[in-house]
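With the numbering used here as the guide, the letters of the sequence shown map in order to residues 54 to 569.
For glycine and all other residues, C-beta sits at the position ideal for the given N, C-alpha and C.
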Amino acid sequence: MSTPQVRVRFAPSPTGPLHAGGVRTALYNYLFARQQGGQMLLRIEDTDQNRYVPGAEAYILEALQWLGIEIDEGPHQGGPHAPYRQSERKPMYREYAEKLIREGKAYYAFDTPEQLDEMRKRLEAAKVAAAQYNAITRMEMTNSLTLSAEETAGRLASGDPYVIRMKISPKEDIRFNDLIRGWVVVHSSQIDDKVLLKSDGMPTYHLANIVDDHLMGITHVIRGEEWLPSAPMHVLLYRYLGWESTMPQFAHLPLLLKPDGNGKLSKRDADLGGFPIFPLEWTDPNTGDKARGFREEGYLPGATANFLALLGWNAGTEQEIFSMDELISAFSFDRVHKAGARFDIQKANWFNQQYLKQLSEAEVTSSLKPLYQEKNIALTDEQLSQIVHLLKDRVHFVKEIVTESLFLFEAPETYDPEVTLKKWNEEAVNAISGLKDAFVGFEGDFVAHDIKELISKTMETLGIKMGKIMQALRLAVTGAGAGPDLMIIMEILGKEEVVRRLENALSRLSAQIRLA
């Protein structure tokens with residue numbers, strides 16, 4: 054018997070932006086499918102119409118595309134198992150729910166909200182640990198197990214609201230082998246009679262995902278740890294529907310934790326910490342509130358995917374920088390951790406810096422042009438190239454090149470006070486004065502190599518060691534005591550601007566010291 058082709062699915066609910074944990078789930082599904090030569094499906098689980106948010110589905114698709122996660126079948130790609138939105142598959146779910154009723158594995162429940170609330174209060178008063186609708190309590194409620202066949206038929210005929218609940222046997226052991234956690238064993242007495250079909254005729258996640266995974270030939274269900282408590286019930290559903298022999302393998306991924314490691318990562322944590330946890334910026338259609346996105350904050354898609362891939366998984370080597378193809382080749386479930394992964398935004402910044410360094414000068418330059426245009430700064434391609442060469446390896450984000458280069462377009466109005474106190478002395482004034490005159494008289498190309506030679510010769514003439522005045526020279530030119538290559542900075546500024554800045558510094562700073 055041949056092994057079926059690997060088929061995985063990412064099945065988000067269109068209830069808002071895609072959390073980083075969901076992105077990682079999609080990524081791991083994609084890596085595994087591609088590694089195994091399989092297929093990845095996108096299924097939109099929109100059965101909870103009360104939580105549906107307009108624009109969320111389009112957001113999900115755009116986010117996956119930005120990250121380089123390719124979908125083989127889905128609502129926009131189509132495929133042999135269409136439709137791929139659960140709201141469009143509604144009739145088939147009832148068919149399977151009623152099949153379970155006919156076989157005595159599910160039942161109609163007509164309980165009102167008041168009755169359910171009364172049951173919970175009664176169990177709480179009796180100090181029952183978990184107030185569940187289960188094999189014991191169901192016999193005290195209003196359902197087709199406690200009503201006669203005639204009463205049940207009458208209620209259905211008269212249109213009484215009802216749900217369909219799964220009838221859990223209280224005497225079964227449920228076992229499944231999770232690809233990350235190993236064997237999981239749960240006794241059915243710990244599981245309540247979950248609702249399969251809601252009163253509006255829509256299925257719950259429990260029924261819909263089992264039916265769809267079976268009909269779509271899903272071989273592996275890779276999802277978050279929060280679904281682990283539901284997995285035993287899902288195994289039972291496969292058993293009750295007669296599909297246990299083709300049941301997919303499960304892999305429940307570890308949680309993403311807050312930066313301090315205490316608790317599950319939330320939007321509030323991101324808001325308080327000032328960092329993104331969504332792939333793209335999201336505007337809430339109801340409130341207008343904006344949530345940060347990795348893309349809009351300046352993270353590169355490859356860096357974002359690399360960062361998320363290593364939250365809960367490693368290749369077992371010292372390697373940290375992976376292309377998507379390398380991630381596909383290296384990924385394995387036996388290297389996925391069981392414990393939660395701490396969300397370290399500083400590590401994400403480091404990844405972005407490494408990916409930025411790998412970009413070509415042309416790629417960075419094309420990204421910079423509109424950013425400078427927003428600040429009404431006109432630059433030639435040669436100037437842009439010089440700035441990229443100067444700053445590219447010193448920043449974490451492309452946009453930082455703009456902010457870090459503003460000193461090139463505005464002469465300093467203030468000077469680092471600590472450096473001024475330490476370095477601006479009589480010797481510095483003599484050296485800067487001499488350099489200003491040397492620059493004015495210089496007639497060659499004002500380029501980094503020649504500028505350095507001119508400084509060296511001038512200092513030799515003045516009898517001043519070059520190393521002793523370089524920080525003062527940087528202070529005069531940029532206002533700061535540290536930064537990128539000063540020779541390239543002066544080349545970009547040009548001779549006339551450098552001379553102006555030296556004159557300005559001599560005028561402003563000399564008044565702050567006492568000349569001997």
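Buried or exposed, going by whether 16 or more other CB atoms sit within 10 Å of the CB of residue i?
| i | result |
| --- | --- |
| GLY494 | exposed |
| ASP313 | exposed |
| LEU353 | buried |
| LYS428 | exposed |
| PRO144 | exposed |
| ILE189 | exposed |
| GLY532 | buried |
| ASN230 | exposed |
| GLY74 | buried |
| GLU98 | buried |
| ASN103 | exposed |
| LYS174 | exposed |
| HIS287 | buried |
| ASN359 | buried |
| TRP236 | exposed |
| ASP394 | Looking at the sequence shown, residue 394 is not Asp but Ala. Buried. |
| VAL181 | exposed |
| ARG191 | buried |
| LEU268 | exposed |
| ARG348 | buried |
| ASP490 | exposed |
| SER319 | exposed |
Let's see if you can read the secondary structure: which residues bound the alpha helix (DSSP H) around residue i?
| i | result |
| --- | --- |
| ASP226 | No alpha helix (DSSP H) holds ASP226; the beta strand (DSSP E) holding it covers 226-231. |
| ARG234 | ARG234 -> no alpha helix (DSSP H), and no H or E assigned at all. |
| LEU474 | 470-476 |
| GLY487 | 479-494 |
| LEU507 | 501-515 |
| ASP324 | 320-326 |
I need the straight-line Cα distance from residue i to residue j, nearest angstrom please.
| i | j | result |
| --- | --- | --- |
| ALA135 | GLY536 | 58 Å |
| VAL239 | ALA368 | 31 Å |
| LYS410 | VAL76 | 25 Å |
| SER132 | LEU250 | Note that residue 132 is Gly in the sequence shown, not Ser. Spanning the two alpha carbons is a distance of roughly 26 Å. |
| VAL551 | ARG527 | 11 Å |
| MET255 | ALA178 | 33 Å |
| ALA86 | ALA184 | 40 Å |
| GLN89 | HIS442 | 41 Å |
| GLN439 | THR514 | 31 Å |
| LEU209 | TYR146 | 18 Å |
| PRO128 | ARG138 | 7 Å |
| LEU412 | PHE404 | 13 Å |
| HIS273 | LEU94 | 11 Å |
| GLU549 | ASP538 | 19 Å |
| PRO65 | TYR408 | 29 Å |
| ASP434 | LEU444 | 15 Å |
| GLN92 | GLY355 | 21 Å |
| GLY341 | THR78 | 28 Å |
| VAL106 | ILE113 | 12 Å |
| ASP125 | ALA362 | 21 Å |
| GLN406 | LYS311 | 23 Å |
| THR571 | ALA481 | Only positions 54 to 569 of the chain appear in this structure, which leaves residue 571 out of reach. |
| LEU153 | LEU290 | 9 Å |
| PRO423 | ASP498 | 30 Å |
Starting from residue i, trace the beta strand (DSSP E) in both directions and tell me its first and last residue.
| i | result |
| --- | --- |
| LEU363 | Per DSSP, LEU363 belongs to no beta strand (DSSP E) and is neither H nor E. |
| MET93 | 92-95 |
| GLN219 | Correcting the residue type first, residue 219 is Met in the shown sequence and not Gln. Taken as a continuous stretch (DSSP letters only), the beta strand (DSSP E) holding MET219 covers 216-219. |
| ALA304 | 302-306 |
So that I know if they touch, is there some Cβ in chain C lying closer than 8 Å to that of residue i?
| i | result |
| --- | --- |
| TYR215 | Structure shown: chain C not included; a single protein chain is present. |
Contact defined as beta carbons within less than 8 Å: I believe residue i pairs with residue j. What is the distance between those atoms, to the nearest angstrom?
| i | j | result |
| --- | --- | --- |
| VAL451 | SER420 | 5 Å |
| VAL389 | ILE233 | 5 Å |
| LEU161 | THR205 | Note that residue 161 corresponds to Tyr in the displayed sequence, not to Leu. Contact flag correct, Cβ pair sits at about 6 Å. |
| ALA392 | PRO307 | 6 Å |
| ALA464 | ARG554 | 5 Å |
| ILE330 | ALA304 | 22 Å between Cβ atoms; not a contact. |
| ILE221 | ASN196 | Not really, about 13 Å apart at Cβ, beyond 8 Å. |
| LEU559 | ILE485 | 6 Å |
| TRP335 | GLY346 | 7 Å |
| ASN478 | HIS449 | The Cβ separation is near 36 Å, so there is no contact. |
ask   = Curious, which full-length alpha helix (DSSP H) runs of at least 4 residues does the region 521-563 contain?
value = List check, alpha helix (DSSP H) in window: 539-546 and 548-562.
query = Going along the chain, which unbroken runs of the alpha helix (DSSP H) with 4 or more residues stay wholly within the region 239-294?
reply = Counting only runs of 4 or more, we get 258-268 and 284-293.
key: Uninterrupted beta strand (DSSP E) stretches inside the region 126-201 (no shorter than 3 residues)   = Runs of the beta strand (DSSP E) inside the region 126-201: 159-162.
ask   = Fully enclosed by the region 371-453, which alpha helix (DSSP H) runs are 4 residues long or longer?
value = With a minimum length of 4 residues, the continuous alpha helix (DSSP H) runs that stay inside the region 371-453 are 377-383, 398-411, 414-427 and 434-444.
task = Please go through the region 62-113 and give each complete alpha helix (DSSP H) segment of 4 or more residues, from N-terminal end onward.
result = Runs found: 73-88.
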